[in-house]
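Written below as structure tokens is the structure these notes are about.
Chains as they are written, first to last, in our numbering: chain A, 1 to 248; chain B, 1001 to 1184; chain C, 2001 to 2724.
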């Protein structure tokens, strides 16, 4: 049943899955200044632990979103490539999902997101090994939050403990809150009514979040208006839901 | 030393000893399990049935249930609004903790019973909006003194109800059986 | 037999044990471990399980961005930008996001403290101490040193000083020092006859030449300038704008530039004038006096920029309808910083962009202000410190600034403070100043506090940004304004007359009520109480008008501007550029998540590093993480090297923000402070010539690995390869 990736051309992969996911993000690298506001906002919203200097040095920092920058050329013709915020791409066909022996990383049929179910996770880290974007982070320890720091924890998000894999959720708690509110008021969720923590904080407005299956939404409009959007590692057939605009 | 011990275990007396050890272990486990299923000690022996019998609606004391995720425990102010007009409050030994708490301005330390683990994001409002009644999950409080869960609140129990509620509606079933509906 | 009781049996037994434990603990309701305390009285606007949102003003820097803080059952859990606030339009920077880690920081000052006493004081005794300090000393023996925020407290102390003849409070902040605010405003004064903070409409511009201005990081009002940058690149109505950055070390702002020009430090004025001359030639007409004296070839050779490059940039600048030039950062922190500022502002005069979209103007003054009040320059701080050292002050009150950390060692604040009999700190955190102080009377954290902040620049409108407590104080702290009011009442006489208020809120209401009759405001109200309520609800008050002033272009081009190169102090062979860490700035080091944010350019976390060109490092046989000794004529520091591809080979750079010897567990003993290398050198406007030092580099043979996000990305990323 499963064809190997080399057997499939991108178009076939696209046909086999759904073309557009439900939620998507557009990131404009031309205006991203790398200021880290999104990283801080994400950490504050999602109760992400800080790990300290030593663990950070081992690459164990828990950022759900990081800003990549690369160098091109040598001095004096050196150039910093456009900053590239990288988070879970919420793949339509996610490489992390089939490798989880505990079914802890599963695809949400309802929201079309990749879920990480913390109570199922047993910490095999297969998913992180198989993630081509390297966006999953693992709780190597029970990282300390001395009192009274826990006061700022967001009650809408589970606090993870040692041995659990975690990653960007597209702020699913905000999705649910908005849906719940809309339902209580007897209406549909309006585009722009809520957004993810990173997009809300971004001083450059480089991140836009919304429904990609709604042609009227701002993300769909942006993707349509500007044709040069790139989806990273699309050739792997992962059907990522984050579109990057690289240059001006 | 270990070798002689294992040799002895294979003798009839040894077998019996192993059997007894297992029985003891099992009893301890069973007792422990029993203990965990008992209603916890509460600071006040709160009689839900008496309050329900007065015709007080659930949402009067737990208004959060219709507005958001948490039903909430009523403030002492709310308790006192009624109780300071009731003669018995001044005399009853059972109500002394309430009186002390209000006079001493110290919070009553309730032990929540109907709670789910941290990794479950439960929202009361959605359930009330879907037309569920309180007693469907929390049992018949006209019969209860101190609150006890009428059943083990585990995921199987949640899902059974979710699947039932979805019925033939595929879209609803997807939404209601989605991991991300409760776990994030 | 014993060997058969091996792994398998052990696992069986262990499994049984685990199963028993699971049965005992796992199956039961978790309730046994939880206690819940309901509110005794539900506060107004609070409902079970519901979040409440409060508008206030960010206090992480002096810019004055509006915040909306999500609170849940009395706890602040998330800060967001206030979408209606004209300065930041709903956006925040990383420091604003992390301000909750200051509020709930484990190393706050919890009670009023007397140095040397193990027990905390009570507030009545503390207020008595302040009252005695005011009353028992001559007015001129009492000094206040205050930070750049909050403004309401500065106003309160100014009122007190005015009434009683005390020294007017002096304001200082390391950010202001590195922004060279005094230079900017004096240059504007020299050129346009009116001192003020220039405002650069980056968003409307087409070609932006930035001379060292790190406006996307910490400079003046980074959130508002970042929005401007988005406008430069993205505006629907015009072409994508170009940013050209002139600086010796690529900053995060320089990283976003379309062209990064690594000029020799100290030649910024020369280059600006040369570009002006070339552009004026292209534009035709008489050569303005400002640019007439410069020799373009000489400028090119001295700065190390190719003539073609200068010509090409001048061409872009001259031919663009929206040309803009910004001076800032290290370019101003040199001996000729004032000339740099004047030369660059003159470029704007040449572009004739004053007051136009995409041009330069003088920032809107806050609604209740008639002139711009800048913080003290380093030179003025030096005078202040000399007075301290001379025993002129018996009492020094310090609020909102950490002079023991923020001022360069060479200015001698530390030793001068020994000659002040009583040092009273109002610090919220256990910082260096609190450690040295005789008394610490902790103020609330900014999110627990009342107040207002004037938006000095960044917004089009005149804005008075309002602050209110979003949560009740967590510790036994007290608002400094309340302490001052109570102490003044206790001291009696002119002190009591100066502050005739019941408390801070009444003071605020009195001040804010002066805006009550204004017609063109964001809201109006029938009486002061209602006005104050709206002021809290909306997070401030602003005029619905463009408050920026177009300077007169006439005189700006007719002054001759000297195009000298800057002078550098010290014998070393490397130019030394200290820059403000974009993530930590001056006061972020005690917030663990700010420490764990990777620096935008180097991706280093939790430490200080020295940036060095790969070529230089190769010549000196230095590799990444090698500890070197940096020696200037003011001091020496040891720190690890980060080999940085985008810095001149003759320059080294170091971030400012770490190197605390106090300030809590996350800051203390971490990294070094580049201020220790800075000598007493100033530019003509009195700002510190912080980029005017030359340093020597000595190898130590030690290694100290830096934690970096790059090259060890991901969970298994170690050795992922240097190509990342």
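For every residue, glycine included, the Cβ atom is placed at its ideal position computed from N, Cα and C.
Beta-bridge pairing of residue i - partner residues as DSSP gives them
i: residue 50/A; result: Note: residue 50/A sits in no beta bridge, so no partner.
i: residue 2643/C; result: 2612/C
i: residue 25/A; result: 209/A, 242/A
i: residue 2142/C; result: 2395/C
i: residue 2668/C; result: 2660/C
i: residue 2261/C; result: 2246/C
i: residue 2452/C; result: 2466/C
i: residue 2079/C; result: 2069/C
i: residue 85/A; result: 67/A
i: residue 2108/C; result: 2429/C
i: residue 2605/C; result: 2707/C
i: residue 2057/C; result: 2066/C
i: residue 2210/C; result: 2245/C, 2326/C
Exposure of residue i, with buried meaning 16 or more beta-carbon neighbours within 10 Å
i: residue 1154/B; result: exposed
i: residue 2618/C; result: exposed
i: residue 2458/C; result: buried
i: residue 2621/C; result: exposed
i: residue 241/A; result: buried
i: residue 2338/C; result: buried
i: residue 2197/C; result: buried
i: residue 2124/C; result: exposed
i: residue 2133/C; result: buried
i: residue 3/A; result: A caution first: residue 3/A carries a pLDDT of 42, below 50, which makes its placement in the model too unreliable to give a value.
i: residue 2022/C; result: A caution first: residue 2022/C carries a pLDDT of 44, below 50, which makes its placement in the model unreliable, though a value can still be read off. That one is exposed.
i: residue 1064/B; result: buried
i: residue 11/A; result: In this prediction, residue 11/A scores a pLDDT of 41, lower than 50, which makes its location untrustworthy; no coordinate-derived value is stated.
Residue i beta carbon near the ligand ATP (any heavy atom closer than 7 Å)
i: residue 217/A; result: As far as ligands go, the structure on display features none, and thus does not contain the ligand ATP.
Rounded distance between the beta-carbons of residue j and residue i, thought under 8 Å
i: residue 2051/C; j: residue 2070/C; result: 5 Å
i: residue 2707/C; j: residue 53/A; result: 5 Å
i: residue 88/A; j: residue 168/A; result: 4 Å
i: residue 2401/C; j: residue 2220/C; result: Going by Cβ atoms, the distance from residue 2401/C to residue 2220/C rounds to 18 Å, so no, they are not a contact pair.
i: residue 105/A; j: residue 113/A; result: That belief does not hold up - the Cβ atoms of residue 105/A and residue 113/A are roughly 11 Å apart, past 8 Å.
i: residue 2609/C; j: residue 2602/C; result: 6 Å
i: residue 2343/C; j: residue 2561/C; result: 5 Å
i: residue 96/A; j: residue 131/A; result: 5 Å
i: residue 1125/B; j: residue 1069/B; result: 7 Å
Proximity to residue i [Cα-Cα], best of the options
i: residue 68/A; options: 38/A, 97/A, 48/A, 44/A; result: 38/A
i: residue 2237/C; options: 2204/C, 2049/C, 2217/C; result: 2204/C
i: residue 2416/C; options: 2395/C, 2429/C, 2399/C; result: 2395/C
i: residue 2474/C; options: 2101/C, 2539/C, 2615/C; result: 2101/C
i: residue 2170/C; options: 2559/C, 2564/C, 2377/C, 2048/C; result: 2377/C
i: residue 225/A; options: 22/A, 23/A, 28/A, 43/A; result: 28/A
i: residue 2247/C; options: 2129/C, 2328/C, 2067/C; result: 2328/C
Cross-chain neighbours of residue i in chain A, by beta carbon under 7 Å
i: residue 2186/C; result: Residues of chain A passing the Cβ test: none, with the nearest at roughly 29 Å.
i: residue 2707/C; result: 53, 56, 57
i: residue 1058/B; result: Chain A residues near residue 1058/B: none, gap ~18 Å exceeds 7 Å.
i: residue 2406/C; result: Ordered by position in chain A, no residue passes the 7 Å Cβ test against residue 2406/C, which lies about 22 Å from the chain.
i: residue 2223/C; result: 203
i: residue 1118/B; result: 158, 159
Residues that residue i contacts on chain C, provided the C-beta gap is smaller than 8 Å
i: residue 1008/B; result: Going along chain C, no residue has its Cβ under 8 Å from residue 1008/B, so there is no contact; the nearest lies around 11 Å.
Beta-carbon neighbours of residue i, restricted to chain B and to distances below 8 Å
i: residue 111/A; result: 1178, 1180
Residue i at chain E interface by Cβ criterion, 8 Å
i: residue 1132/B; result: Going by chain labels, chain E is absent from the structure shown, which instead holds the protein chains A, B and C.
Per-residue contacts from residue i into chain C (C-beta, under 9 Å)
i: residue 154/A; result: 2070, 2072, 2077, 2078
Neighbouring residues, chain C, relative to residue i (Cβ below 7 Å)
i: residue 76/A; result: 2262
i: residue 33/A; result: 2216, 2226, 2229, 2252, 2256
Amino acids of chain B, ordered along the chain, whose beta-carbon sits closer than 7 Å to that of residue i
i: residue 2457/C; result: The contacting residues do not exist; residue 2457/C stays about 41 Å from chain B at best.
Contact list for residue i against chain A, beta-carbon separation under 8 Å
i: residue 1062/B; result: Neighbours of residue 1062/B on chain A: none; closest Cβ ~17 Å, over 8 Å.
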